[in-house]
Amino acid sequence: MSSFSATAPSARSKWFAGTLVILYALITMIPLAWIMLTGFKSPADAISYPPKVFFEPTLEGYVNLFTTRTRQTDDFLAANPPQTWYEEIVRQYDMVIAGPSKFGERFLNSVIIGFGSTFLSIFLGTLAAYAFSRFKIPLADDLLFFILSTRMMPPIAVAIPIFLMYRQLGLSDTHLGMILLYTAVNISLAVWLLKGFIDEIPREYEEAALIDGYTRFQAFYKVVLPQAATGIASTAIFCLIFAWNEYAFAVLLTSGTAQTAPPFIPTIIGVGGLDWPAVAAGATIFLLPVMIFTVALRKHLLRGITFGAVRK
Amino acid sequence: MTETPLTHAARATPPSVARKIKGLSDRAIAWIFVGPTIFLLLAINIFPLIWTINLSFTNFRANRPGREVDYVGLRNYERILNDSDIWLNMQATAHFLFWTILLQVLIGFTLAYLINKKFKGNDLWTTIIVLPMMLSPAVVGNFWKFLYQPQIGLFNYIVAFFTGKDPSSFEMLGSVQLAPWSIVIVDTWMWTPFVMLICLAGLRSIPDYIYEAAEIDRASKLRQFFTITIPMVLPFLMLAVLFRGIENFKMFDLVVQLTGGGPGSTTELTSINLKREAFEKWRTGYASAYAIILFVTVFGLASIYVKALNKVKER
Amino acid sequence: MKHAHLASASALGLLVAGMGASAQADELTLCWAAWDPANALVELSKEFEEQSGHTMNFEFIPWPNFADRMLNELNSRGDLCDLLIGDSQWIGGGAENGHYVKLNDFFDAEGISMGDFADATVYAYSTWPKGTENYYALPAMGDANGWFYRKDWFARDDIRAAFLEATGRELAEPASQKELLEIAQFFQGREIDGQTVYGAAIFTERGSEGITMGVTGALYPWGFKYENTPGSYDMEGAVNSPEAVEALEFYKEFYETATPPGYTNSYMGESLDAFKSGQVAMAMNWFAFFPGLYADPNTGGDKIDFFVNPPQNQAGSTLGGQGISVVSYSDKQDAALDYIKWFADPEVQQKWWDLGGYSAHKAVLESPDFVDSAPFAGDFLEAMGAVQDFWQEPAYAELLLAMQKRIHDYVVADQGTAQEALDKLIEDWTETFEDEGKL
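Protein chains in written order, with the working numbering: chain A, 1 to 312; chain B, 1001 to 1315; chain C, 2001 to 2439.
So this is what it looks like as structure tokens:
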């Protein structure tokens, strides 16, 4: 597209559009920036009245996020001077570090369950989408709507039976159980999005491959999949965002072993009340993997979302 | 212990068996490809749904293992439909749905339209704008509660800075008038990027030659906007509305963290009320009936909507 | 068919639970809420690990999810917890549904006497049906709702003079609910050190139990009763007595005229935040937090002092606190009982108090050093002498949710009158008790 094209926006309208978008981006960033800033405040600064924009940064929030602390008697404190910088931070409150907090475990659970279910959703979704796109399936439209309709159920609506069923199968509070559950929720989106992408890949490519002696499966594997990579990447982003952040099922169906981070973060308790810097630190760290994933796949996200599903 | 039919199915078609199914017919491959998905949905969505329907005709309580379970017919449904408090929950949900979707469509489309001007660095800014929707709704709700605090939160101070009001003079979460808007603001902040992305995809799918042809016909920019841009993006926009609509009808995590349904029951959306009935009061049978009523409502609305969507597509 | 299905579900659940447990029966999990005293318990329990060879794991669930999560666990007969420090209101359900192990035989065999523990705590945390000698828990953590205030502000001459002028009496710890309100109203909107401050932070939370725990702090001193005759579920005239209506109106007035703006959904955490950020002169909260508040580098030490919930027509404080129970779905019950036996020891109890836990053992509470061991120790004893608790029925969650809604609708959302709110509450409660077959 040359700059002389009749459809190219003028420099002035570009400037105008850019300004507005950047303005929106900056405003929308304020809450996010505030979360990240709060992670570096001391608990007293975090709840200062009026709110503080300038403050002395401390890693207290991060220390509190990763440790559990306990109050100790004066004798004990006097006899055991702090050894490390993080011990010192805790000592201001007459406390000692009792051990690591559960955050590490919860975070790891999120990684296993989030990425595991994303992979499984994409895997099953691609197969199903390919089949819907290329083969005559009886009642295909009804089946597609059925798949979509499973997303309409409020999680609470099916949570009771799933709760009872999972106990029976030994799946409750397990990684596998949560992966299957999130996959079931995500797969509707995955099938719908991926079908759109695959629809747009010309059939001629595979037909040529079939004539060259490829089997159907090889044609799918070697021709269609690489072509659908962009679509798969952007679908994966959406699946990951959901599975990574899901809260309702996690709160109802997991307790110890398989609990993910979202139910954990909003409830980190400090000395007395909610430990806002630690909550903010947790939110920041928890955002990073999805952010990195998205930025890495950003080209696909922006170029890829053509949502062919609506275009037939 | 972990060997369940589900995992079995999940592993039924790994690439390593590709050779074995080499000679299969297209029809067989189609079923092998679709099968696992359908099976998973049947096991984890449809089977529990049927179970829920069954429970909805009983007085079962999941917290009284020993108690006798009786079938009570349609009594649960009657009780729900005659309960005026539940109609208030429905109204709160409708308010939330209507305004979040309207605002997100307006802002999301405008942003996409502006970004599509392809100004320098638009990729970078798009990525930045998308960040809020990557956060966990529960964490977002919790943190906005903090931002909305009249004394220690940022929101009131920013509003006060621009309006000259006293920051402590209004309570976003505490006043009956403002609380329904406070949840609309947060949801809009979080999910406008989603609508924007879909609109952007729509805008980018419009081939340049259509505009070029319009230029040759000397159609004005405004006319081009209404005769080309809007109709071409409409299917995308409608899909965005469908997904947001379904998600927000189920809205639970964000609002429960933000307001807990209060003040009073002002922001008690149906999902929050349902969760209280099911997992706090443990009226399992009653809650099941409630869940079915909600599901049928969304399902009905969505079916009508998808029909409309298909009509738009065919044009 | 339904029965068979459910029965087999739970049987299988038990079977799976049984297989999951390894032969190594000395790894115990103790479940409690995630808050200050829990940290102290971890420290205390190290001694038990050394003595017994058992290993202790802890599962601390944040307060807003604590009841949901734990009742869910018990109802599905989970074996996550071997020991549970469950909230006082759960005792009815724990006993009637068989979640908790009955401890009478164990107490007899080990020579643990409930007479060694404060009577109010035994009654509230251990017995079901109430007041009978059927014990399902050992009192673990005594607690009540109390108050703390800015001692430094109360001591300032300019503030004292202004208070004297405004009210005609000296500024001091309130001796009645009405004085409490008067002091709070005096501070409301006052400028101190260039900042606008407010009267008091009170509980108004909607989601779990907050506003109920707050409002009962007014209801009990006015003489509110749940039933005309205990055990009769005869609520008309008790729950909505003129005193109850007056107390509820009082709480609403307190909320409207003497609390910081925006404290419309606040509970333990918000109350502490409000105080620590210097917004309020006074705040209500559980005694459990007082050691932490006293140790706070900014608003603790000589800037803080404590008082018991003031009386009105009578003394009365809202009960908090928990007993420790053995979960009947655990297959390590013997080791769990070892823990309780160790915990009941007077020396351990003394150390528990020293670390910041509220022991309920008479050897600790009646020791001559106790009252002076902390600035809130005396208040604690006084509060525990006049505590009342919410319903402890198996259906307490339903009863609580109804109260949360009715009270929040009236106090915060400003709907209807106090009389209407309490009348509706009786309707809700009556319906629940009818469902339960108790009416």
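All C-beta atoms in this analysis are idealised placements derived from N, C-alpha and C, irrespective of residue type, glycine included.
These numbers come from a predicted model, not from an experiment.
Query	Result
Proximity test, Cβ basis, 8 Å: Ala1062/B and chain C	yes
According to DSSP, residues forming a beta bridge with Arg203/A	The partner list for Arg203/A (beta bridge, DSSP) is empty, contrary to what the question assumes.
For Asn2104/C, three-class secondary structure by DSSP	helix
Ile1216/B burial status per 10 Å Cβ neighbour count (16 or more: buried)	exposed
Within 8 Å of chain A by C-beta, residues of the region 2139-2153 of chain C in sequence order	none
Assigned secondary structure, Thr1093/B (DSSP; H/G/I helix, E/B strand, else coil)	helix
Contact check, Asn2145/C vs Thr68/A, beta carbons under 8 Å	no
Residues from the region 1216-1245 of chain B in contact with chain A, defined by Cβ distance under 7 Å	Pro1235, Phe1236 and Leu1239
Partners in chain C for Gly256/A, counting only beta-carbon separations shorter than 7 Å	Glu2059 and Leu2080
Neighbour-count burial assignment, Thr1270/B, 16 or more Cβ in a 10 Å radius	buried
Separation of Phe293/A from Ile237/A, as counted between CA atoms	7 Å
Whole-angstrom distance between Glu2427/C and Gly2231/C, CA atom to CA atom	18 Å
Unbroken beta strand (DSSP E) run spanning Phe2307/C, endpoints	Ile2304 to Val2308
Validate contact between the region 2103-2117 of chain C and the region 2148-2155 of chain C using beta carbons, cut 8 Å, 3 pairs	no
Chain-ordered chain C contacts of Phe1279/B [CB-CB under 8 Å]	Asp2068 and Asn2072
Contact with chain A by Pro2297/C, beta-carbon distance below 8 Å	yes
Listed by chain order, chain A residues near Trp1144/B by CB distance under 9 Å	Pro31
Short CB-CB distance (under 8 Å) between Lys1250/B and chain A	yes
Collapsed DSSP secondary structure at Glu2420/C in the structure displayed	helix
Partners in chain A for Gly1153/B, counting only beta-carbon separations shorter than 8 Å	Pro51
Beta carbon of Ile162/A nearer than 8 Å to that of Ser188/A	no
Helix, strand or coil at Pro2139/C according to DSSP, with G and I counted as helix	strand
Below-8 Å beta-carbon distance, Lys1311/B vs any chain C residue	no
Three-state secondary structure assigned by DSSP to Pro161/A	helix
The region 1167-1175 of chain B in contact with the region 1224-1234 of chain B per 3-pair CB rule at 8 Å	no
Closer than 8 Å to chain A by CB, Ala1966/C	The requested residue 1966/C is not part of the displayed model; chain C covers only 2001 to 2439.
Rounded Cβ spacing between Ile1101/B and Val1241/B (contact assumed at less than 8 Å)	6 Å
Contact with chain A by Gln1091/B, beta-carbon distance below 8 Å	no
Anticipated Cβ contact below 8 Å, Ile1046/B with Ala1289/B, distance rounded	Actually they do not touch by this definition, with Cβ atoms about 18 Å apart.
Per-residue DSSP class, three states only, for Phe4/A	With a pLDDT of 44 at Phe4/A, under the threshold of 50, the modelled position of that residue is not reliable, and no figure is offered here.
Coil, strand or helix - Thr68/A by DSSP	strand
Distance, Trp244/A Cα to Val111/A Cα	8 Å
Touching by the beta-carbon criterion (3+ pairs, under 8 Å), the region 150-161 of chain A and the region 205-225 of chain A	no
Exposure label - Glu246/A; buried when at least 16 CB within 10 Å	buried
Separation of Ile2211/C from Ala2397/C, as counted between CA atoms	14 Å
Residues of its chain near Asp2234/C, where Cβ-Cβ distance is below 8 Å and the 5 sequence neighbours each way are ignored	Glu2227 and Asn2228
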